[in-house]
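Undergrad: Provided herewith is a single structure, encoded as structure tokens, for subsequent inquiry.
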Amino acid sequence: MVIYPAIDIRNGKCVRLLQGRAEDETVYADDPAEMARRWVGEGAQWLHVVDLDGAFEGAPRNTEALARICAASPVPVQTGGGLRTDTDLERVFAAGAARAVLGTRAAERPEDLAPLAARFGGDRLALGLDARDGKVRTRGWVGTCDADAPELARRAAEAGVGTLVYTDISRDGMMRGVNVDAMERMCRAVDCGVIASGGVSTADDVRALAALGCANLVGAIVGKALYEETVTLCGMRAAAGEP
Numbered sequence: 000m001v002i003y004p005a006i007d008i009r010n011g012k013c014v015r016l017l018q019g020r021a022e023d024e025t026v027y028a029d030d031p032a033e034m035a036r037r038w039v040g041e042g043a044q045w046l047h048v049v050d051l052d053g054a055f056e057g058a059p060r061n062t063e064a065l066a067r068i069c070a071a072s073p074v075p076v077q078t079g080g081g082l083r084t085d086t087d088l089e090r091v092f093a094a095g096a097a098r099a100v101l102g103t104r105a106a107e108r109p110e111d112l113a114p115l116a117a118r119f120g121g122d123r124l125a126l127g128l129d130a131r132d133g134k135v136r137t138r139g140w141v142g143t144c145d146a147d148a149p150e151l152a153r154r155a156a157e158a159g160v161g162t163l164v165y166t167d168i169s170r171d172g173m174m175r176g177v178n179v180d181a182m183e184r185m186c187r188a189v190d191c192g193v194i195a196s197g198g199v200s201t202a203d204d205v206r207a208l209a210a211l212g213c214a215n216l217v218g219a220i221v222g223k224a225l226y227e228e229t230v231t232l233c234g235m236r237a238a239a240g241e242p
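Quick note: the sequence shown uses numbering that gives the first Met the number 0, first residue 0, plus one each step.
See the structure below:
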């Protein structure tokens with residue numbers, strides 16, 4: 000299992016939002032590329048970058064910052080936030096992203112997934128499945144759609160999307176632990192790789208995920224705990240069994 004340090008960008012800065020609420024923002028660095036260099040220096044094998052302005056506004060707004068991160072990082076970068084059109088995908092790939100995370104577009108237009116996987120490659124696409132109380136959230140987590148989370152996950156996998164990023168919004172930024180049961184259900188629902196997100200804040204959380212024994216649970220995203228320095232990336236990587 001790979002630990003993905005999260006770099007959330009808003010107004011060009013590295014920030015964290017509590018449960019995705021725009022009004023609950025903490026700024027951790029003026030230059031997101033600075034954080035990328037830090038996490039790579041501590042052994043990160045992947046980075047997870049979110050364009051929060053893009054998620055709220057419906058189109059990428061921090062592509063230049065993404066390009067600086069990719070240029071500063073010798074490891075692959077996964078990114079999402081406002082990727083609603085093919086042009087948006089082309090822009091983030093041109094900026095250097097290795098994988099793009101589709102959230103709102105996938106939930107509202109799942110029929111787009113197979114053509115996108117055929118065009119860009121399923122290994123370069125991920126379904127970003129964000130849920131609160133069992134409801135799939137969209138448009139920067141301020142919208143709700145009628146999609147059934149496990150069914151949408153299965154449909155994406157069948158369309159050729161190679162990775163699922165599953166976030167329990169109620170746990171995000173709260174540092175209260177990961178929803179292990181929900182992660183297990185999602186892993187059992189699909190054959191593609193699954194990355195756990197939301198509440199992963201201690202080495203015990205990582206060990207609990209690993210203990211599920213799900214071969215397709217390939218990663219976990221860690222954000223606030225790293226920035227608040229209640230854990231270290233080295234310690235989280237060790238708990239995950241990263242080489």
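Just so you know, even glycine gets a beta-carbon here, dropped at the ideal spot from N, CA and C.
Would you kindly work out how many angstroms separate the C-alpha atoms of residue 184 and residue 209, rounded to a whole number?
TA: In a straight line, the C-alpha of residue 184 is about 14 Å away from that of residue 209.
Undergrad: So, are the CB atoms of residue 79 and residue 106 less than 8 Å apart?
TA: No, they are not a contact pair.
Undergrad: One question on the structure: do residue 193 and residue 160 come within less than 8 Å of each other, judged by their Cβ atoms?
TA: no
Undergrad: Please classify residue 218: does DSSP put it in a helix, a strand, or coil?
TA: strand
Undergrad: For residue 28 and residue 46, which I take to be in contact (beta-carbon distance under 8 Å), what is that distance rounded to the nearest angstrom?
TA: No, residue 28 and residue 46 are not in contact; Cβ-Cβ is about 14 Å, not under 8 Å.
Undergrad: Please list, in chain order, all residues of the same chain as residue 83 whose beta carbon is under 7 Å from its beta carbon, the five residues on each side excluded.
TA: 57, 58, 103 and 104
Undergrad: By DSSP, does residue 60 sit in helix, in strand, or in coil?
TA: In the structure shown, residue 60 falls within a coil segment according to DSSP collapsed to helix, strand and coil.
Undergrad: Give the DSSP-derived three-state secondary structure of residue 126 in the structure shown.
TA: Judged by DSSP in its simplified three-state form, residue 126 adopts strand.
Undergrad: Tell me, please, which residues DSSP counts as bridged to residue 25.
TA: 15
Undergrad: Buried or exposed: where does residue 26 fall if 16 or more other Cβ atoms within 10 Å of its Cβ makes it buried?
TA: Flag for residue 26 reads exposed.
Undergrad: Going by DSSP, which residues form a beta bridge with residue 7?
TA: Under DSSP, residue 7 shares a beta bridge with 14 and 49.
Undergrad: So, using beta-carbon positions, are residue 226 and residue 196 closer together than 8 Å?
TA: no
Undergrad: Can you tell me whether residue 86 is helix, strand or coil according to DSSP?
TA: Residue 86 falls in the helix class under three-state DSSP.
Undergrad: In this structure, how does DSSP classify residue 163 when only helix, strand and coil are distinguished?
TA: strand
Undergrad: Of the residues 95, 101, 156 and 32, which one's Cα is nearest the Cα of residue 68?
TA: The shortest CA-to-CA distance from residue 68 to any of 95, 101, 156 and 32 is the one to 32.
Undergrad: At the level of alpha carbons, what is the spacing between residue 179 and residue 62?
TA: 33 Å
Undergrad: Looking only at its chain, what residues have a beta carbon closer than 6 Å to the beta carbon of residue 204, apart from the 5 residues adjacent to it on each side?
TA: 176 and 177
Undergrad: Opposite residue 192 in the DSSP bridges: which residues?
TA: 162
Undergrad: Let's test the definition: count the other Cβ atoms within 10 Å of the Cβ of residue 233 and tell me whether it reaches 16, buried, or not, exposed.
TA: By the neighbour-count definition (other C-beta atoms within 10 Å, threshold 16), residue 233 is an exposed residue.
Undergrad: What does the Cβ neighbour count give for residue 4, buried or exposed, with the cut at 16 atoms within 10 Å?
TA: buried
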